[in-house]
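See below for the structure under consideration.
2 protein chains.
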Amino acid sequence: MIDDLVLRRQVCFALYAASRAVTDVYRPILDAVGLTYPQYLVLLVLWEHDGDAPTVSALGAELRLDSGTLSPLLKRLEEAGLVLRRRSTRDERRVEVELTDAGRALRRQVEDVPRRIAGATGLSETELVAVRDTLTRVAETIHRQKEQ
Amino acid sequence: MIDDLVLRRQVCFALYAASRAVTDVYRPILDAVGLTYPQYLVLLVLWEHDGDAPTVSALGAELRLDSGTLSPLLKRLEEAGLVLRRRSTRDERRVEVELTDAGRALRRQVEDVPRRIAGATGLSETELVAVRDTLTRVAETIHRQKEQ
DNA sequence: CGCAATTAAATTGCGCGCAACCTATCGGCC
DNA sequence: GGCCGATAGGTTGCGCGCAATTTAATTGCG
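Chains A and B, in that order, give the protein sequences.
The opening residue of the first sequence carries number 1 in UniProt numbering; numbering runs sequentially from there.
The opening residue of the second sequence carries number 1 in UniProt numbering; numbering runs sequentially from there.
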């Protein structure tokens, strides 16, 4: 019988190892502007929807993170002066997150990061897009299964 | 100018999200046998090299984890009765990790896990292998860059 | 209206990952 | 033999991720 219980055979280990390896490339780059990788992801969403001031759960839906992760992370971003959190006046259960000027300004400092990361992977543009689309499909397949 | 700072464009987010999604599939399955995903990975290595009793750093080299992660993890596996840790007699700096009978027996209970996970991804066998090899290459490319 | 069920966010607890530091042991070199 | 640098593993501290619980506000339904 073929033995599937071997580390190097497992897609999942490749995924886990590659994800951490890529984060290793991000770390020194983001550290220079005082961010962690998840914090950078939150800012990506805020930059993308600037003016919207999404709620904590809207951020969570995009990033697939819950309030247990986001609440303390956003508190740290607020302490760093990059975002503001304020209770919605129309629905006081909601907390809206908006960029400060400093948070908006940070965007320019990381504008070349995606290119640098893509370079470090050693993949071609075509391979990058293919792998991205495959992995996005995997995440969505799994997510849809969990809904039912 | 094309805007690269968009979440859905980023390979890295796809990687990060897919990795967590796959772990979500593992969680209930491994929880049934009392393991976390990283603990399962350590056992994979031990099952693969049964008889070897690798050191902590040998495990770390395979999994790309350091003693800061492995030491407490191995302590928990030892408390669960799945592994033994003993100082090497020839070199008392080293700690060798070996399976207990219970640790060896656990293997049979997770033998079908890879197939179940592969199914949940929704990818074909061909796609799985392709993605695995690409991601392995990415991790190794990054790792080689860090060595220099 | 009044109350139960739902929803949003925060909090707590735990297990990673990783950097930084500490301790103990080993090897080499004189 | 005695010291010095290197190596192995452990510990501490911090920031995720996620489950489970708590608190507060809102909705729905009689």
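In this text, a Cβ means the ideal position worked out from N, Cα and C, and glycines have one as well.
**Q.** Residue-level contact to chain A via CB, Asp66 of chain B, 8 Å cutoff
**A.** In the second sequence, the residue the question calls residue 66 of chain B occupies position 66. Judged by the 8 Å Cβ criterion, Asp66 of chain B is not in contact with chain A.
Q: Could you pull the start and end residues of the beta strand (DSSP E) that Arg85 of chain B belongs to?
A: As a working mapping, residue 85 of chain B is identified with position 85 in the second sequence. Bounds of the beta strand (DSSP E) holding Arg85 of chain B are 83-87.
Q. So which residues on chain A does residue 149 of chain B lean against when the C-beta distance must stay under 9 Å?
A. Since the first residue of chain B shown is 1 and the last is 148, residue 149 of chain B is not available in this structure.
Q. To the nearest angstrom, how far is it from the Cα of Met1 of chain A to the Cα of Val110 of chain B?
A. As a working mapping, residue 1 of chain A is identified with position 1 in the first sequence. As a working mapping, residue 110 of chain B is identified with position 110 in the second sequence. Below a pLDDT of 50, predicted positions are generally treated as unreliable, and Met1 of chain A, at 47, falls in that range; the measurement from the model is reported next regardless. Their backbone Cα atoms lie some 15 Å apart in a straight line.
Q.
Can you look up Glu125 of chain A in the DSSP assignment and give me helix, strand or coil?
A. Taking the first sequence and counting its residues from 1, one reaches residue 125 of chain A at position 125. In this structure, DSSP gives Glu125 of chain A a helical state, which the three-state scheme calls helix.
(Q) Looking at chain A, is there any beta carbon in it that lies within less than 8 Å of the beta carbon of Gln145 of chain B? (A) Position 145 of the second sequence, counted from the start, is the residue given in the question as residue 145 of chain B. Using a Cβ-Cβ cut-off of 8 Å, Gln145 of chain B counts as an interface residue toward chain A, since at least one Cβ of chain A sits closer than that to its own.
Q. Just reading off the beta strand (DSSP E) that Glu96 of chain B is part of, what are its end residues?
A. As a first step, residue 96 of chain B is located in the second sequence; it is residue number 96 there, counting from the start. Where Glu96 of chain B is concerned, the enclosing beta strand (DSSP E) stretches over 95-99.
Q: Give the DSSP bridge partners of Thr136 of chain A, in chain order.
A: Here residue 136 of chain A refers to the residue found at position 136 of the first sequence. Note: Thr136 of chain A sits in no beta bridge, so no partner.
Q.
Taking 8 Å as the threshold (beta carbon to beta carbon), is Val97 of chain B in contact with chain A?
A. Your numbering for residue 97 of chain B matches position 97 in the second sequence. Interface residue (Cβ-Cβ distance to chain A less than 8 Å): Val97 of chain B is not classified as such.
Q: Report the option in A:Thr89, A:Pro38, A:His49, A:Arg85 whose CA atom is closest to the CA atom of Leu65 of chain A.
A: Here residue 65 of chain A refers to the residue found at position 65 when the first sequence is read from its first residue. Nearest Cα to Leu65 of chain A within the set A:Thr89, A:Pro38, A:His49, A:Arg85: A:Pro38.
Q.
Please identify the residue among A:Gly34, A:Asp91, A:Arg107, A:His49 whose C-alpha is closest to the C-alpha of Leu77 of chain A.
A. For the purposes of this step, residue 77 of chain A is identified with residue 77 of the first sequence, where counting begins at 1. For Leu77 of chain A, the closest alpha carbon among the candidates A:Gly34, A:Asp91, A:Arg107, A:His49 is that of A:Gly34.
Q.
Given 7 Å as the limit, tell me if Thr23 of chain A has its C-beta closer than that to any heavy atom belonging to the ligand SAM.
A. Within the structure as shown, the ligand SAM is missing, as the structure has no ligands at all.
Q) Thinking C-alpha only, which one of A:Glu96, A:Leu59, A:Val138 is nearest Leu123 of chain B? A) The residue given as residue 123 of chain B occupies position 123 in the second sequence. Taking only the C-alpha atoms, the option nearest Leu123 of chain B is A:Val138.
Q: Check whether the Cβ atoms of Ala118 of chain B and Leu128 of chain B sit closer than 8 Å, and answer yes or no.
A: Counting from one through the second sequence, the residue named residue 118 of chain B turns up at place 118. Counting from one through the second sequence, the residue named residue 128 of chain B turns up at place 128. Yes, the pair counts as a contact, with Cβ atoms nearer than the cut-off.
Q: Use the C-beta contact count for Arg93 of chain A: other C-beta atoms within 10 angstroms, 16 or more gives buried, fewer gives exposed.
A: For the purposes of this step, residue 93 of chain A is taken as residue 93 along the first sequence, with counting starting at 1. With fewer than 16 Cβ atoms within 10 Å of its Cβ, Arg93 of chain A is classed as exposed.
(Q) I'd like to check one pair, Leu99 of chain A with Leu46 of chain A: are the Cβ atoms closer than 8 Å? (A) Walking along the first sequence from the start, residue 46 of chain A turns up at place 46. Walking along the first sequence from the start, residue 99 of chain A turns up at place 99. Cβ distance < 8 Å, so Leu46 of chain A and Leu99 of chain A count as in contact.
Q. Are the C-beta atoms of Ala139 of chain B and some chain A residue less than 8 Å apart?
A. Residue 139 of chain B sits at position 139 when you count from the first residue of the second sequence. At a cut-off of 8 Å, the C-beta of Ala139 of chain B has a neighbouring C-beta in chain A.
Q.
If the criterion is Cβ atoms closer than 8 Å, does the pair Asp24 of chain A and Arg104 of chain A meet it?
A. Translated into positions along the first sequence, residue 24 of chain A becomes position 24. Translated into positions along the first sequence, residue 104 of chain A becomes position 104. Taking the C-beta atoms as reference points, Arg104 of chain A is found no nearer than 8 Å to Asp24 of chain A.
Q) Can you name the residues of chain A whose CB is closer than 7 Å to the CB of Leu46 of chain B? A) Looking up residue 46 of chain B in the second sequence gives position 46. Around Leu46 of chain B, no beta-carbon contact reaches into chain A at under 7 Å, the shortest distance being about 10 Å.
Q.
Between Asp4 of chain A and chain B, is any beta-carbon pair separated by less than 8 Å?
A. Position 4 of the first sequence, counted from the start, is the residue given in the question as residue 4 of chain A. Under the 8 Å criterion on CB atoms, Asp4 of chain A is classed as interfacial with respect to chain B.
Q: Compare the beta carbon distance of Leu5 of chain A and Leu44 of chain B with 8 Å and say whether it is the shorter of the two.
A: Your numbering for residue 5 of chain A matches position 5 in the first sequence. Your numbering for residue 44 of chain B matches position 44 in the second sequence. Their beta carbons are under 8 Å apart, which means Leu5 of chain A touches Leu44 of chain B by this criterion.
Q) When you compare each of B:Leu7, B:Gly81, B:Ser57, B:Glu79 to Glu48 of chain A by their alpha carbons, which one comes out closest? A) Position 48 of the first sequence holds residue 48 of chain A. Per the Cα distances, B:Leu7.
Q: Express the C-alpha separation of Glu125 of chain B and Gly81 of chain B in angstroms, rounding to a whole number.
A: Taking the first residue of the second sequence as position 1, residue 81 of chain B is located at position 81. Taking the first residue of the second sequence as position 1, residue 125 of chain B is located at position 125. For Gly81 of chain B and Glu125 of chain B, the gap between their C-alpha atoms comes out near 35 Å.
Q: For Thr36 of chain A, name the three-state secondary structure that DSSP assigns.
A: Counting from one through the first sequence, the residue named residue 36 of chain A turns up at place 36. Thr36 of chain A falls in the coil class under three-state DSSP.
Q | Continuous alpha helix (DSSP H) stretch holding Asp31 of chain B: start and end | A | Here residue 31 of chain B is taken as the residue at index 31 of the second sequence, counted from 1. Asp31 of chain B -> alpha helix (DSSP H) spans 11-31.
Q: Look up Thr55 of chain B in the DSSP assignment and give the residues it is bridged to.
A: Looking up residue 55 of chain B in the second sequence gives position 55. Under DSSP, Thr55 of chain B takes part in a beta bridge, and its partners are B:Glu96.
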